[in-house]
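J.: Below are the structure tokens for one structure; questions will follow.
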Amino acid sequence: MADELESWFKAEVFIHEGILMRFLARVWPRRDELVDLRQEIYVRVYESALKGRPQFPKAFLFSVARHVLTDRRRRERIVSIQSAGDNDFSNDLIEERTPERWVGARQVLARLASAFDRLPPKCREVIWLRRIQHLPQKEIAQRLGISEKTVEYHISTGGRLLALYVRSSESEGDEARDYRQAVETDIRKDEKGKDHL
Amino acid sequence: MSTESPEQIEKTAGDWLARRDAGGWASHEQEAFDAWMRESPAHRIAFWRLETVWDETARLSALGAGIRADKPPPPGAWNLSPFLNLTQADANRRKRPRANIRRALAAAVLLTMTAASAWYWWPAGKSYSTPVGAVTSLPMSDGSNVILNTDSEIKVSIGEKERRIELARGEAFFSVAKDPTRPFVVTVGDQRIVALGTAFSVRREPALQVIVTEGAVRIESAEILAPSTGTRNSVLTAGTIAQSARNEVHVRHADVSQAEEQLAWRAGRIIFRDIALAVAVAEFNRYNERKIVIEDPAAMALTIGGVVRTTNVDAFVKLLEDGYGLHAQVRPDKIILTTR
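Protein sequences, first through last, are from chains A and B. FYI, our numbering numbers position 104 of the first sequence as 104, with every residue one higher than the one before it. FYI, our numbering numbers position 185 of the second sequence as 1185, with every residue one higher than the one before it.
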């Protein structure tokens, strides 16, 4: 049951993250809260899915998002003029064959490649050796003359950046770009303290 | 754990992912990880989210085919890589006018391998051959060089009046040392390919193919069907790719880089552009004893593009599986491809 929920989540929920985050970035004024919103939405979808899977995952995801936004506004007494019209999800509710779903293996690969290309150089090199050349972390450390801890750190950061980049593109709107940059900054923040690595 | 920020959770999830990936994952680590995952749905979700994409990046190994291991190519430089290249190939196809493939010289050369014409008879010289999968470079005594492709054989006789190489099987690339007193001639059946100070390749199967990368060559052929007209000649210049089809020769004037691309086997690679899978597999099979068999007509028609290493069957098959959704049944003697 738990495993089944996991695979359902992986296959049916995360794939809509790109469009979800673009939407949130459009209607929610504070970029630094977007990751928090995302988490809350996912957790609510999760808890609801424990009781039963929604028939239309994407529509369900967006209806949860709407509730989360409404709750927050109520709690924080936010009246957002900007979001008044934008909060109309009707277009997003159609459970169609979305691009997320019908992209073929080739486009998936293209998307992965462009996400991979956006990684910082050192991180990109480590991920290359690990995921494309299949070298063990230990060997990567030896080859690059860095510690195994540093390799692990690059894998961790790379994994997070890839998860972000795969669902977002460089060419999207300003709000979404702001969100992405905010997350990037957060991810790389502790990199400064690791200059010696 | 409500005090944890989502960023913090994501960071921890990333660290778990990296730690697990490092290998040497001990049971106490598994327990600690399980405990962390149990702590909250937010933990589980954060980890699954990263894991989903991380697992997907396994597909990226398809990009590694044909690329040297040490360094990743610069960002955006994937045009030589399988699949992505496809969109490139699609674009090229739209741009390239059909007229480029001309039949201007179609009737100029007749390819009839049937007649054992005494006209070109020559005592066979020293023989060289390569096994399947090997590429060998052979320096000749006159300063010329021959690169023999997989499963190929040549017979060399360097005489005082003529340097002659008979291509008995397969494919070879010739870099010819200039010597006006002794023409350099490659024979395939009753075809003679005469070098005019040049670099070119000749392939025998499934049909004669001549690719000229430097200078020019002249193809001479005995006119068996109409002996009265004697020999028919045609001169092919650099960038030309000439291929026989039935009794005709199709001559394509490409640029030299396109011609060179066809000769990527010299560096152990094949470059496919916009080519049917059936053709690509046939080409690939030349280099390997364990043949790939396509049992599914739908799969045969798939168009593929990219660079593959000639001798890495596993990488090529994996690439077809990951990138094209094909299913491979691996048997000791062959690999059967079907659509899933």
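Heads up, the beta-carbon is just placed ideally off N, CA and C, and yes, glycines get one too.
Let's test the definition: count the other Cβ atoms within 10 Å of the Cβ of Ser1144(B) and tell me whether it reaches 16, buried, or not, exposed.
T.: Within the second sequence, residue 1144(B) is the residue found at index 144, counting from 1. The residue in question, Ser1144(B), is buried, as its Cβ has 16 or more Cβ neighbours within 10 Å.
J.: Quick one, are the C-beta atoms of Val1317(B) and Ile1294(B) less than 8 angstroms apart?
T.: As a working note, residue 1317(B) is residue 317 in the second sequence. As a working note, residue 1294(B) is residue 294 in the second sequence. No. Outside cutoff.
J.: Asp1142(B) and Ile1158(B) - do their beta-carbons sit closer together than 8 angstroms?
T.: Reading the second sequence from its first residue, position 158 is the one you call residue 1158(B). Reading the second sequence from its first residue, position 142 is the one you call residue 1142(B). In contact: Ile1158(B) and Asp1142(B) (Cβ atoms closer than 8 angstroms).
J.: Do Thr1240(B) and Val1212(B) count as a contact pair if the criterion is CB distance below 8 angstroms?
T.: As a first step, residue 1212(B) is located in the second sequence; it is residue number 212 there, counting from the start. As a first step, residue 1240(B) is located in the second sequence; it is residue number 240 there, counting from the start. Against a cut-off of 8 angstroms, the Cβ pair of Thr1240(B) and Val1212(B) comes out as a contact.
J.: Can you find a C-beta in chain B that's less than 8 angstroms from the C-beta of Thr128(A)?
T.: Start at 1 with the first residue of the first sequence, and residue 128(A) comes out as number 128. Per the sequence shown, residue 128(A) should be read as Trp rather than Thr. Yes, because at least one Cβ of chain B sits closer than 8 angstroms to the Cβ of Trp128(A).
J.: Looking only at its own chain, which residues have a Cβ that is under 7 angstroms from the Cβ of Val166(A), when we skip the five neighbours before and after it?
T.: Taking the first sequence and counting its residues from 1, the one referred to as residue 166(A) is at position 166. So the list reads Arg111, Leu112 and Ala115, once near-sequence residues are dropped.
J.: For Lys51(A), would you say it is in contact with chain B, using Cβ-to-Cβ distances shorter than 8 angstroms as the test?
T.: Position 51 of the first sequence, counted from the first residue, corresponds to residue 51(A). For Lys51(A), the answer is no, since every Cβ of chain B falls outside 8 angstroms of its Cβ.
J.: Between the beta-carbon of Leu50(A) and the beta-carbon of Val1053(B), is there less than 8 angstroms?
T.: As a position in the first sequence, residue 50(A) is number 50, starting the count at 1. As a position in the second sequence, residue 1053(B) is number 53, starting the count at 1. Taking 8 angstroms as the Cβ cut-off, Leu50(A) and Val1053(B) do not qualify as a contacting pair.
J.: Do you know offhand how far Ser156(A)'s Cα is from Tyr1324(B)'s?
T.: Your numbering for residue 156(A) matches position 156 in the first sequence. Your numbering for residue 1324(B) matches position 324 in the second sequence. Whole-angstrom Cα-Cα distance: 29 angstroms.
J.: Quick test of your reading: Val1135(B) and Glu1289(B), contact by CB under 8 angstroms. State the CB separation rounded to the nearest angstrom.
T.: In the second sequence, residue 1135(B) corresponds to position 135, counting from 1. In the second sequence, residue 1289(B) corresponds to position 289, counting from 1. Not really, about 15 angstroms apart at Cβ, beyond 8 angstroms.
J.: So with CB distances below 7 angstroms, who are the chain A contacts of Glu1007(B)?
T.: Here residue 1007(B) refers to the residue found at position 7 of the second sequence. Per Cβ cutoff of 7 angstroms: Val35 and Asp186.
J.: Check the C-beta distance from Glu152(A) over to Ala1018(B) and give it rounded, since I have them as a contact under 8 angstroms.
T.: Here residue 152(A) corresponds to residue number 152 of the first sequence, with the count starting at 1. Here residue 1018(B) corresponds to residue number 18 of the second sequence, with the count starting at 1. At roughly 4 angstroms, the Cβ-Cβ gap stays under 8 angstroms, so Glu152(A) and Ala1018(B) are in contact.
J.: List the residues that DSSP assigns as beta-bridge partners of Glu1321(B).
T.: As a position in the second sequence, residue 1321(B) is number 321, starting the count at 1. DSSP, once it has assigned bridges, lists no residue as partnering Glu1321(B).
J.: By how many angstroms is the C-alpha of Gly1268(B) removed from the C-alpha of Glu1214(B)?
T.: Mapped onto the second sequence, residue 1214(B) falls at position 214. Mapped onto the second sequence, residue 1268(B) falls at position 268. Answer to the nearest angstrom: the Cα atoms are 21 angstroms apart.
J.: Around the C-beta of Glu1205(B), are 16 or more other C-beta atoms found within 10 angstroms, so that it is buried, or is it exposed?
T.: Against the second sequence, residue 1205(B) aligns to sequence position 205. Per the 10 Å Cβ criterion, exposed.
J.: Going residue by residue through the region 23-60 of chain A, where are the continuous alpha helix (DSSP H) segments of at least 4 residues, counting only ones entirely within it?
T.: List check, alpha helix (DSSP H) in window: 34-51.
J.: Can you find at least 3 beta carbon pairs, one from the region 171-180 of chain A and one from the region 1037-1054 of chain B, that sit closer than 8 angstroms?
T.: Taking 8 angstroms as the limit for Cβ pairs, the verdict is that the region 1037-1054 of chain B does not touch the region 171-180 of chain A.
J.: Cβ of Val1217(B) within 8 angstroms of Cβ of Leu1196(B)?
T.: The residue you call residue 1217(B) lines up with position 217 of the second sequence. The residue you call residue 1196(B) lines up with position 196 of the second sequence. Against a cut-off of 8 angstroms, the Cβ pair of Leu1196(B) and Val1217(B) comes out as a contact.
J.: Taking all protein chains shown into account, decide if Ser1127(B) is buried (16 or more other Cβ within 10 angstroms of its Cβ) or exposed.
T.: The count along the second sequence starts at 1 and reaches residue 1127(B) at position 127. Label assigned to Ser1127(B): exposed.
J.: Among Arg188(A), Phe9(A) and Ala59(A), which has the Cα closest to the Cα of Gly158(A)?
T.: Translated into positions along the first sequence, residue 158(A) becomes position 158. The option with the nearest alpha carbon to Gly158(A) is Arg188(A).
J.: Apply the 10 Å Cβ neighbour rule to Trp1025(B) and answer buried if 16 or more other Cβ atoms are within range, or exposed otherwise.
T.: Position 25 of the second sequence holds residue 1025(B). Exposed: under 16 other Cβ atoms inside 10 Å.
J.: Under 6 angstroms Cβ to Cβ from Ser1201(B), same chain only, skipping five residues before and after it: list those, please.
T.: Residue numbering aside, residue 1201(B) sits at position 201 when the second sequence is read from its first letter. Phe1173, Ile1211 and Leu1263.
J.: With DSSP as the reference, please indicate the residues paired to Gly1133(B) in a beta bridge.
T.: Counting from one through the second sequence, the residue named residue 1133(B) turns up at place 133. Gly1133(B) is not bridged to any residue.
J.: Could you tell me whether any Cβ in chain A is nearer than 8 angstroms to the Cβ of Trp1025(B)?
T.: Here residue 1025(B) refers to the residue found at position 25 when the second sequence is read from its first residue. No, its Cβ sits nowhere closer than 8 angstroms to a Cβ of chain A.
J.: Is Ile1147(B) helix, strand or coil when you go by DSSP?
T.: In the second sequence, the residue the question calls residue 1147(B) occupies position 147. In this structure, Ile1147(B) counts as strand in the three-state DSSP scheme.
J.: Listing by chain order, which chain A residues have their CB less than 7 angstroms from the CB of Gly1306(B)?
T.: Residue mapping note: residue 1306(B) aligns to position 306 of the second sequence, counting from 1. The premise fails here: Gly1306(B) is roughly 11 angstroms from chain A at the closest Cβ pair, so nothing lies under 7 angstroms.
J.: From Val1256(B) to Glu1010(B), what distance separates their C-alpha atoms?
T.: For the purposes of this step, residue 1256(B) is identified with residue 256 of the second sequence, where counting begins at 1. For the purposes of this step, residue 1010(B) is identified with residue 10 of the second sequence, where counting begins at 1. Val1256(B) and Glu1010(B): Cα-Cα distance of roughly 52 angstroms.
J.: DSSP on Arg1331(B), reduced to helix/strand/coil?
T.: Locating residue 1331(B) in the second sequence gives position 331, counting from the first residue. Here Arg1331(B) sits in coil by DSSP.
J.: Mind reading off the beta-carbon distance from Val45(A) to Val13(A)? Whole number of angstroms is fine, and I expect it under 8 angstroms.
T.: In the first sequence, residue 45(A) corresponds to position 45, counting from 1. In the first sequence, residue 13(A) corresponds to position 13, counting from 1. Between Val13(A) and Val45(A) the Cβ distance is about 6 angstroms, and since that is below 8 angstroms, they are a contact.
J.: Give the range of the beta strand (DSSP E) segment to which Ile1292(B) is assigned.
T.: For the purposes of this step, residue 1292(B) is taken as residue 292 along the second sequence, with counting starting at 1. Lys1291 to Ile1294 is the extent of the beta strand (DSSP E) around Ile1292(B).
J.: Using CA atoms only, rank isn't needed, just tell me which of Glu1166(B), Arg1182(B) and Val1330(B) is closest to Val1156(B).
T.: Along the second sequence, read from residue 1 onward, the residue named residue 1156(B) stands at position 156. For the residues Glu1166(B), Arg1182(B) and Val1330(B), the minimum Cα distance to Val1156(B) belongs to Glu1166(B).
J.: I need the DSSP call for Lys1071(B), collapsed to helix, strand or coil.
T.: Against the second sequence, residue 1071(B) aligns to sequence position 71. Coil.
J.: Looking at the C-beta of Asp1015(B), does it have a partner C-beta in chain A at a distance below 8 angstroms?
T.: On the second sequence, residue 1015(B) is found 15 positions in, with the first residue counted as 1. Judged by the 8 angstroms Cβ criterion, Asp1015(B) is in contact with chain A.
J.: So which residues on chain E does Val108(A) lean against when the C-beta distance must stay under 8 angstroms?
T.: Given the protein chain composition of this structure (A and B), no chain E is represented.
J.: Does any residue of chain A bring its CB to less than 8 angstroms from the CB of Trp1048(B)?
T.: By 1-based counting over the second sequence, the position of residue 1048(B) is 48. Yes, Trp1048(B) counts as interfacial toward chain A.
J.: Who are the near neighbours of Val126(A) in its chain, counting only those whose CB is closer than 8 angstroms to its CB and skipping five residues on each side?
T.: For the purposes of this step, residue 126(A) is identified with residue 126 of the first sequence, where counting begins at 1. So the qualifying residues of the chain are Ile140, Leu144, Val151, His154, Ile155 and Gly158.
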